[in-house]
Amino acid sequence: MAKAKRSTSLTAAVSAEIKSSFDLGKFKDKKGLTGSVKFKPQQWVPLSPAFQEVTSVPGIPTGHIVLLRGHSDTGKTTALIEAAVNAQKAGILPVFIITEMKWNWEHATQMGLQMEEVWDEETGELIDYKGFFIYADRENIHTIEDVAAFILDLLDEQKKGNLPYDLMFLWDSIGSVPCELSITSKKNNNEWNAGAMSTQFGNGVNQKITLSRKESSPYTNTLVAINKVWTAKPEMPMGQPKLMNKGGFAMWFDATFVVTFGNIANAGTNKIKAIKDGKQVEFAKRTNIQIDKNHINGITTKGKIIMTPHGFIDDTDKSLKDYKDAHAKEWSKILGGGDFAIVEEVDTFEPAQEYMQEPD
Numbered sequence: 015m016a017k018a019k020r021s022t023s024l025t026a027a028v029s030a031e032i033k034s035s036f037d038l039g040k041f042k043d044k045k046g047l048t049g050s051v052k053f054k055p056q057q058w059v060p061l062s063p064a065f066q067e068v069t070s071v072p073g074i075p076t077g078h079i080v081l082l083r084g085h086s087d088t089g090k091t092t093a094l095i096e097a098a099v100n101a102q103k104a105g106i107l108p109v110f111i112i113t114e115m116k117w118n119w120e121h122a123t124q125m126g127l128q129m130e131e132v133w134d135e136e137t138g139e140l141i142d143y144k145g146f147f148i149y150a151d152r153e154n155i156h157t158i159e160d161v162a163a164f165i166l167d168l169l170d171e172q173k174k175g176n177l178p179y180d181l182m183f184l185w186d187s188i189g190s191v192p193c194e195l196s197i198t199s200k201k202n203n204n205e206w207n208a209g210a211m212s213t214q215f216g217n218g219v220n221q222k223i224t225l226s227r228k229e230s231s232p233y234t235n236t237l238v239a240i241n242k243v244w245t246a247k248p249e250m251p252m253g254q255p256k257l258m259n260k261g262g263f264a265m266w267f268d269a270t271f272v273v274t275f276g277n278i279a280n281a282g283t284n285k286i287k288a289i290k291d292g293k294q295v296e297f298a299k300r301t302n303i304q305i306d307k308n309h310i311n312g313i314t315t316k317g318k319i320i321m322t323p324h325g326f327i328d329d330t331d332k333s334l335k336d337y338k339d340a341h342a343k344e345w346s347k348i349l350g351g352g353d354f355a356i357v358e359e360v361d362t363f364e365p366a367q368e369y370m371q372e373p374d
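Whatever position you read off the sequence shown (first residue = 1), add 14 for the working numbering.
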């Protein structure tokens, strides 16, 4: 026993001697670990004042994975376009990845996206749009793997110096495109699609995006993705249904900022219309909005907001009146002139088509 004690004491003494002369700073320098801990100050791409008012956050945090999720026609695309418009103003290059194919350039222009129309001088036909943005859709992107490859290719071009801008990737939407295995097997398998999202994004693309927050990165890149959803039935009697993300939860786990629009089991929107003699113009919708996840400043809020073809406005009588006064002439032309009535549909419970199980 005595020998064991002396051995222990000797080991401790040698260890203490080594530590006394050890320089941790030199060790970090030798291993290339110096200066690897610092992140850039957090910046935001602002969204509309109405969004800021109801959520208490400035908009879209740069350098992060951001999810906009909810049922159809609840405000997700409005938020996406607002992000693109204000990214342009900040000198951040918007990169549109449109795989759901519901994109409308006229709507984007109406909301303030800067672009130029390209016309064929011989035929007078509108043939293209150009401007400070990049656009890709299902013509060239067919699978989840294609989306990941497209993003990684642009990041590689940026690293080489061939694309000297901060990038904001805007994907509409997760859940609208299958994986390669689903296509080659001619069977759209949800588990395969979720696995591809985890492999391509959870283990790859997402880390590339968030690493751009480091001070060592010359550019800051952001991924904003609309995530389609479905509603899972309650797990027990009297339980509550749950809102589930199509494509699995790899993106949810990696996202630092998640905004949910609408209700869990249905869209939960109220349509606001101008009506005259049977004709109507739907000019706004009231929708629920909630910050479900916020790892930037911790604020999580919920409330109601009104979405219009021109962006979000406050859910107040004054905001609605101001919007009506600004656009009354154009609605009057559509409705045949004269006065018209403003009618708001009462919100009714209509279960979403995706209710109970995730569709194939």
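Don't be surprised by glycine CBs; every beta carbon is placed ideally from N, CA and C.
The structure presented is a predicted model; accordingly, all values stated were derived computationally and were not measured.
Assignment of beta-bridge partners to phenylalanine 110 by DSSP yields Tyr149, Leu184.
Between lysine 222 and leucine 169, the gap from beta carbon to beta carbon is short of 8 Å. Shown here, glycine 126 sits in coil according to DSSP, grouped into three states, outside any helix or strand.
Under the 8 Å Cβ criterion, the region 186–205 does not count as touching the region 52–69, having fewer than three qualifying pairs.
Going by beta carbons, isoleucine 155 and phenylalanine 147 fall outside the 8 Å limit. The Cβ atoms of glutamine 124 and proline 323 sit closer than 8 Å to each other.
Linking proline 192 to asparagine 241 through their CA atoms gives a straight-line distance of about 14 Å. Two segments are said to touch when three or more pairs of C-beta atoms, one from each, lie closer than 8 Å; by this definition the region 274–286 touches the region 338–358.
For lysine 52, the three-state secondary structure derived from DSSP is coil. In this structure, the CA atom of glycine 216 is about 6 Å from the CA atom of alanine 264. Counting the other CB atoms within 10 Å of its CB gives histidine 78 a total of 16 or more, which places it among the buried residues. For tryptophan 133, DSSP records a beta bridge to Leu140.
The region 80–91 makes contact with the region 237–257; the number of CB pairs closer than 8 Å reaches 3 or more. Taking lysine 52 as the centre and dropping the five residues before and after it, the same chain places the C-beta of Glu229 closer than 6 Å to its C-beta, in chain order. Excluding five sequence positions before and after lysine 293, the CB atoms of its chain that fall closer than 6 Å to its own CB belong to Leu349, given in chain order. For glutamate 194, the enclosing alpha helix (DSSP H) begins and ends at 194–198. Boundaries for glycine 209: no beta strand (DSSP E) harbours it, while the alpha helix (DSSP H) harbouring it runs 204–211, taken from the DSSP string.
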